[in-house]
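Protein chains: 2
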Amino acid sequence: MSTFAPAPPEPLPADLFDPAMLPNPVPIRLGDKWAWFVLRCLEPGPRRFSELRVPLHWVTPKVLTATLRSLERDGLLTRTVFEENPPRVLYELTPLGRSMFGPMDAVCAWAAENLEPLLAARAARAEEIGPESV
Amino acid sequence: MSTFAPAPPEPLPADLFDPAMLPNPVPIRLGDKWAWFVLRCLEPGPRRFSELRVPLHWVTPKVLTATLRSLERDGLLTRTVFEENPPRVLYELTPLGRSMFGPMDAVCAWAAENLEPLLAARAARAEEIGPESV
DNA sequence: CCGGATCCACCTGGATACTG
DNA sequence: CAGTATCCAGGTGGATCCGG
Chain W
1 MSTFAPAPPE PLPADLFDPA MLPNPVPIRL GDKWAWFVLR CLEPGPRRFS
51 ELRVPLHWVT PKVLTATLRS LERDGLLTRT VFEENPPRVL YELTPLGRSM
101 FGPMDAVCAW AAENLEPLLA ARAARAEEIG PESV
Chain S
1 MSTFAPAPPE PLPADLFDPA MLPNPVPIRL GDKWAWFVLR CLEPGPRRFS
51 ELRVPLHWVT PKVLTATLRS LERDGLLTRT VFEENPPRVL YELTPLGRSM
101 FGPMDAVCAW AAENLEPLLA ARAARAEEIG PESV
């Protein structure tokens with residue numbers, strides 16, 4: 001193993017990373033707690049707010065609204081208000097939002113293959129290393 | 001556009017998502033603020049703590065330690081202590097950790113292609129939709 | 001040299017109640 | 001129906017100092 005990874009010849013430069021990406025390393029909403037779920041819910045087609053609340057019933061409306069707003073701000077979905085009574089609002093993925101399923105599927109494929117050893121390692125070394133702090 | 005995405009025929013089931021994955025939807029350290037940077041730093045080969053601090057000089061040692069510990073707990077890297085004076089500690093990626101570059105590269109490729117429209121949309125709709133809340 | 005300990009500010013996310 | 005308003009709790013990330 002170590003023969004395949006000799007000591008790195010070069011020290012790492014201090015400016016290896018662009019300071020612009022420091023606030024959030026991945027500029028996509030990968031760290032967002034609910035964005036993945038929302039995107040998956042919209043994959044088959046547009047949905048209204050109350051439809052989304054069914055599979056996301058453990059999310060409060062405020063948080064769901066905030067998640068939808070941030071996804072809208074990033075151009076990943078559109079929000080269409082129908083001026084009716086009762087009101088109706090449709091959320092629909094944009095092509096940009098739909099393009100996110102590519103990397104998302106890659107992550108899911110990785111998880112499907114490697115999640116088991118990861119969780120095993122986590123459980124095994126939980127007390128050995130200590131409880132999680134991050 | 002909308003002709004390609006007809007109204008979804010089925011309502012979304014209430015148990016669409018596994019409750020086990022609710023605490024963190026992505027079980028990997030994708031949401032971790034610094035994990036990506038650390039993994040990239042270790043890609044060429046093993047590094048010691050102080051070497052990692054050079055490109056990650058905007059991370060406090062406490063946080064860097066916590067990040068490394070969580071990655072170690074998950075089996076993505078190993079931590080080797082050399083009982084010398086002065087002490088020396090080597091961090092090295094495991095095959096499992098190295099396998100994460102696959103999905104990471106997929107995400108980076110997506111960002112390389114689509115980041116510009118995303119940031120443009122974010123900037124354009126910032127005041128129109130409102131400041132970010134999530 | 002490699003962190004641990006302590007304290008703290010902020011921000012995400014949540015509970016509850018209420019409205020156009 | 002589709003949210004908003006308000007308040008609040010927990011946790012992450014950070015600053016600073018200290019130890020082996």
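Residue numbers (full-length UniProt numbering), protein chains in the order written: chain W, 1 to 134; chain S, 1 to 134. All C-beta atoms, glycine included, are put in the ideal place defined by N, C-alpha and C. If you're wondering where the values come from, they're calculated on a predicted model, not measured in any experiment.
What in chain S is Cβ-close to residue i, meaning under 7 Å?
i, result
"W/Leu96", "Asn114, Pro117, Leu118"
"W/Val54", "Pro11, Leu12, Ala14"
"W/Glu51", "Pro11, Leu12"
Measure the alpha-carbon distance for residue i versus residue j and round it to whole angstroms.
i, j, result
"S/Thr65", "S/Leu42", "14 Å"
"S/Arg47", "S/Arg29", "20 Å"
"S/Val107", "S/Pro87", "37 Å"
"W/Leu118", "S/Leu77", "11 Å"
"S/Glu72", "S/Arg79", "7 Å"
"W/Pro11", "S/Arg98", "20 Å"
Within its chain, find whatever has a CB closer than 8 Å to the CB of residue i; leave out the 5 residues flanking it on each side and keep chain order.
i, result
"S/Phe101", "Leu39, Glu43"
Starting from the beta carbon of residue i, find every residue of chain W whose beta carbon is closer than 7 Å, and list them in chain order.
i, result
"S/Phe17", "Phe37, Pro55"
With residue i as the anchor, note down where its alpha helix (DSSP H) starts and where it stops.
i, result
"S/Leu96", "95 to 99"
"S/Pro61", "61 to 73"
"S/Glu43", "It is not in any alpha helix (DSSP H) - S/Glu43 carries neither H nor E in the DSSP assignment."
"W/Arg53", "49 to 53"
Which bits of chain S does residue i rub up against, with CB to CB less than 8 Å?
i, result
"W/Arg125", "Glu72, Arg73, Gly75"
Quick one: list the residues of chain W neighbouring residue i, beta-carbon separation under 9 Å, in chain order.
i, result
"S/Arg88", "Simply none; closest approach about 12 Å."
Just to confirm the assignment, what range does the beta strand (DSSP E) spanning residue i have?
i, result
"S/Val81", "77 to 82"
Can you name the residues of chain W whose CB is closer than 8 Å to the CB of residue i?
i, result
"S/Arg122", "Arg73, Asp74, Gly75"
Just to confirm my understanding: we take residue i, look at its own chain, exclude 5 residues before and 5 after, and list those with CB closer than 6 Å. What are they?
i, result
"S/Leu93", "Leu42, Leu77"
"residue 167 of chain W", "Shown here, chain W extends from 1 to 134; a query on residue 167 of chain W therefore has no answer."
Which whole-angstrom value describes the C-beta separation of residue i and residue j, a residue pair presumed to lie in contact below a C-beta threshold of 8 Å?
i, j, result
"W/Phe17", "S/Phe37", "6 Å"
"S/Asn114", "W/Leu96", "6 Å"
Cutting at 7 Å between CB atoms, please list the residues of its own chain near residue i, excluding the five before and the five after it.
i, result
"S/Val59", "Trp34"
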